[in-house]
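This report refers to the structure that appears directly beneath it.
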Amino acid sequence: MPSPLDGLPVALGVSGSIAAYKAVDLASKLTQAGALVDVVMTSSAQKFVTPLSFQSITHRPVTSDPFDPQTEMGIDHVAVAERAGIVVVAPATANTIAKMAHGLADDALSVMLLATAAPVIVCPAMDGNMYANSATQYNLGTLKDRGITIAGPAVGRMASGLVGAGRLIEVREIIGHMSVVLGRSGDLAGRKIVVSAGGTQEPIDPVRFISNRSSGKMGYAIAEAARDRGAAVTIVAAPGALADPVGVQVVHVETAMEMQNAVVAASEDVDALIMAAAVADWRPRDSADQKLKTGKAVSSELQLEKTSDIVAGVSREGLVKVGFAAETEDLESNAQGKLAKKGLDLIVANDVSAEGSGFGSNTNEVVLIDADGGRETPGLLPKYEVGHRILDKVRGYLK
Ligand code: CTP
Numbered sequence: 047m048p049s050p051l052d053g054l055p056v057a058l059g060v061s062g063s064i065a066a067y068k069a070v071d072l073a074s075k076l077t078q079a080g081a082l083v084d085v086v087m088t089s090s091a092q093k094f095v096t097p098l099s100f101q102s103i104t105h106r107p108v109t110s111d112p113f114d115p116q117t118e119m120g121i122d123h124v125a126v127a128e129r130a131g132i133v134v135v136a137p138a139t140a141n142t143i144a145k146m147a148h149g150l151a152d153d154a155l156s157v158m159l160l161a162t163a164a165p166v167i168v169c170p171a172m173d174g175n176m177y178a179n180s181a182t183q184y185n186l187g188t189l190k191d192r193g194i195t196i197a198g199p200a201v202g203r204m205a206s207g208l209v210g211a212g213r214l215i216e217v218r219e220i221i222g223h224m225s226v227v228l229g230r231s232g233d234l235a236g237r238k239i240v241v242s243a244g245g246t247q248e249p250i251d252p253v254r255f256i257s258n259r260s261s262g263k264m265g266y267a268i269a270e271a272a273r274d275r276g277a278a279v280t281i282v283a284a285p286g287a288l289a290d291p292v293g294v295q296v297v298h299v300e301t302a303m304e305m306q307n308a309v310v311a312a313s314e315d316v317d318a319l320i321m322a323a324a325v326a327d328w329r330p331r332d333s334a335d336q337k338l339k340t341g342k343a344v345s346s347e348l349q350l351e352k353t354s355d356i357v358a359g360v361s362r363e364g365l366v367k368v369g370f371a372a373e374t375e376d377l378e379s380n381a382q383g384k385l386a387k388k389g390l391d392l393i394v395a396n397d398v399s400a401e402g403s404g405f406g407s408n409t410n411e412v413v414l415i416d417a418d419g420g421r422e423t424p425g426l427l428p429k430y431e432v433g434h435r436i437l438d439k440v441r442g443y444l445k
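Written out as C-alpha cells, the structure is:
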C-alpha cells in the first residue's frame, strides 16, 4: 500500500514567522513522499523565505499574490483550495489564525483557507506571549470547534529568547498529524490494535542488563501503518531510540514482566494484538540492588529463570493474535511450531541473519504463515510496507 501522501494534492500555507524556513523542509519531505504540494504564502512569509525556495523543491508554481494574472490563482482564485486533499498551515502566525477565525479573505492564503472544503491542520508558531494572549487562545478555540486540527505549538526556546509554548512542531510530527487526519476513513477505522516493539531489558544490577538486538523498527512501522488506516493504536515499547509516533499511544516498558503487564492491560478491549517485540526468554534470577564490583568475590555464574510467554498467555474470543518468529535456521518449521504452540492466527517468520532483513534494518523479508495453512512471501520490502501486508491479513481475520 503506498503512503497516503502519494499523489495527494496538498495545499501548504506559509505565513510570516521565522519558522517559515522549516516549511521548506516540510515541502521537501511531502514532495519526496509523492505529494503534489501547492505552496500559498503571505507577503510577510516572503520576508523570511522566497517563493523560489519552494518552487525549486515542489516543481510547482507558488502563489503569493491573488491578483497576479500569471498565476493559477490569478486565473481561478479558488483552484488550489478546491484541488487540495488536505491543507496544512505551517507556520501559522497569530495574525493568520485570527484571520481564519473571523473568515477574512484579504490575501492569497486567507482566500485559499476560506475557499477550501478539505481538512485543515494549523501548526501555530509565534512568540510565547502572543500565543498565550486570550485573543489567540479564543481564536484557536474557534478553529478547533470548526473541526480544524491544531497541531502544536511545541515548548522550547523561541526566536524572542523566551522559553515557553510557541515553537513550530517538528516536520516529522506535522506529517504524523497529516497521516492521522488522512487515515480517519481508512479500512481499520474504529478498530483497536496493540503492537509490542523492541527488545526487553532484564537487569543484572542497576547498570547492566541482558537484552537483544531488536531496534523496535518493525513494531513501530506496523503501528504507523495501522494508524494510517484509521486504527486506534497502542505501542508497548521496550527501550529504544525511536521517537513516539504522532497519534499513537506509547507505553514505555523495560522488562519482560513490565511488557506482559502492559500488554495484558492494553489488550483488554482490542481487536488485535501484534507481538513484534523480542521478549527476553530468560532473566537473571536475582537482580543486585547495587552495582556488582569486580574487586569483590562475586560468582561468575549468572543464575537465570524463564520469563512467561506473553502472547501465549493472552487469549480471548475474537482477539486476533499475531506473533513473530525471529530465526537464524529452519525458519518455516520453527515458525509453524510457534504458531500452534502460542495459539496465533498468523506468524511472521523472519530470518534475522539474512541480508536486508531483521534487527535494525529498514527493510524486511518475511514469510506470512497463517493458522489455516496459508503462506505468503511478499519479498524484500520497507518495514512500513511489511506492516501493511500483515494488516491486510489481520483485517481478513477481524470479526
Ligand atoms: N514472545 C512472547 N513472550 C515471550 C517470548 C516471546 O510473547 N516470553 C512472543 C514474541 O513477541 C514473538 C513470538 O512470541 O511474537 C515468538 O518469539 P521468539 O523469541 O521467536 O520465540 P520463543 O517462543 O521465545 O522461542 P525461541 O526463543 O526458542 O526461538
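FYI, in the numbering used here the residues of the sequence shown are 47 to 445.
Glycine included, each C-beta is placed from N, C-alpha and C at the ideal position.
By the three-class DSSP mapping on this structure, what secondary structure does A372 have?
Position 326 of the sequence shown, counted from the first residue, corresponds to residue 372. In the structure shown, A372 adopts extended strand secondary structure according to DSSP, grouped into three states.
Taking only the alpha-carbon atoms, compute the straight-line gap between S89 and S110 and give it to the nearest angstrom.
Taking the sequence shown and counting its residues from 1, one reaches residue 89 at position 43. Taking the sequence shown and counting its residues from 1, one reaches residue 110 at position 64. Roughly 7 Å separates the two Cα atoms.
Taking the alpha carbon of A283 as the point to measure from, which residue in A371, G149, A243, N408 has its own alpha carbon closest?
Reading the sequence shown from its first residue, position 237 is the one you call residue 283. It is A243.
For A211 and Y266, believed in contact at Cβ under 8 Å, the rounded distance
Position 220 of the sequence shown, counting from 1, holds the residue named residue 266. Position 165 of the sequence shown, counting from 1, holds the residue named residue 211. That pair is no contact at about 27 Å.
For L98, write down the residues that DSSP places opposite it in a beta bridge.
Here residue 98 corresponds to residue number 52 of the sequence shown, with the count starting at 1. None, per the DSSP bridge assignment.
Taking a contact to mean a Cβ-Cβ separation below 8 Å, would you say L444 touches D315 in this structure?
Here residue 444 refers to the residue found at position 398 when the sequence shown is read from its first residue. Here residue 315 refers to the residue found at position 269 when the sequence shown is read from its first residue. For the 8 Å CB-CB criterion, L444 and D315 do not form a contact.
Mind checking whether V413 and R421 have CB atoms under 8 Å apart?
The sequence position of residue 413 within the sequence shown is 367, counting from 1. The sequence position of residue 421 within the sequence shown is 375, counting from 1. Their beta carbons are under 8 Å apart, which means V413 touches R421 by this criterion.
Tell me the residue span of the alpha helix (DSSP H) that contains G188.
By one-based count along the sequence shown, residue 188 stands at place 142. One point to set straight first is that residue 188 is Thr, not Gly, in the sequence displayed. 180-191 is the extent of the alpha helix (DSSP H) around T188.
Whether F405 touches S225 by CB criterion (8 Å):
By one-based count along the sequence shown, residue 405 stands at place 359. By one-based count along the sequence shown, residue 225 stands at place 179. With respect to the 8 Å criterion, F405 and S225 are not classified as neighbours on the basis of their beta carbons.
Enumerate in chain order the residues of its own chain whose CB-to-CB distance from M158 is below 7 Å, with the five nearest sequence positions on each side excluded.
Numbered from its first residue, the sequence shown carries residue 158 at position 112. The residues are A57, G59, V86, V126, A127.
Starting from V412, trace the beta strand (DSSP E) in both directions and tell me its first and last residue.
The residue labelled residue 412 in the question sits at position 366 within the sequence shown. Run containing V412: 409-416, per the beta strand (DSSP E) assignment.
If we ignore side chains and look at the alpha-carbon of each, how far apart do V124 and P137 end up?
Against the sequence shown, residue 124 aligns to sequence position 78. Against the sequence shown, residue 137 aligns to sequence position 91. Taking the straight line joining both Cα atoms gives about 21 Å.
Per DSSP, which one or two residues make a beta bridge with E248?
To locate residue 248, count along the sequence shown from 1; it is residue 202. Paired residues: I256.
Kindly list the residues whose CB is nearer than 6 Å to the CB of T142, restricted to its own chain and excluding five residues on each side of it in sequence; keep chain order.
Within the sequence shown, the letter at position 96 stands for residue 142. Apart from the 5 residues on each side of it in sequence, T142 sits with its Cβ closer than 6 Å to the Cβ of S61 in its chain, given in chain order.
Output the distance between the C-alpha atoms of T353 and T162, rounded to the nearest integer angstrom.
As a position in the sequence shown, residue 353 is number 307, starting the count at 1. As a position in the sequence shown, residue 162 is number 116, starting the count at 1. Whole-angstrom Cα-Cα distance: 55 Å.
Mind checking N408: buried by the 16 CB within 10 Å criterion, or exposed?
Looking up residue 408 in the sequence shown gives position 362. Exposed, by the Cβ-count rule.
DSSP state of M321 mapped onto helix, strand, coil:
For the purposes of this step, residue 321 is taken as the residue at position 275 of the sequence shown. DSSP places M321 in strand when its eight states are reduced to three.
By how many angstroms is the C-alpha of P115 removed from the C-alpha of R441?
The sequence position of residue 441 within the sequence shown is 395, counting from 1. The sequence position of residue 115 within the sequence shown is 69, counting from 1. Looking at the two C-alpha atoms, the distance is approximately 50 Å.
Given this structure, state the Cα-to-Cα distance separating V217 from A66, to the nearest angstrom.
What you label residue 217 is simply residue 171 of the sequence shown in a count that begins at 1. What you label residue 66 is simply residue 20 of the sequence shown in a count that begins at 1. Cα to Cα, the separation comes out at about 12 Å.
Mind the definition here: the region 230-246 touches the region 279-297 only if three or more C-beta pairs lie below 8 Å; say whether that holds.
Contact between the region 230-246 and the region 279-297 is present, because at least three Cβ pairs lie under 8 Å.
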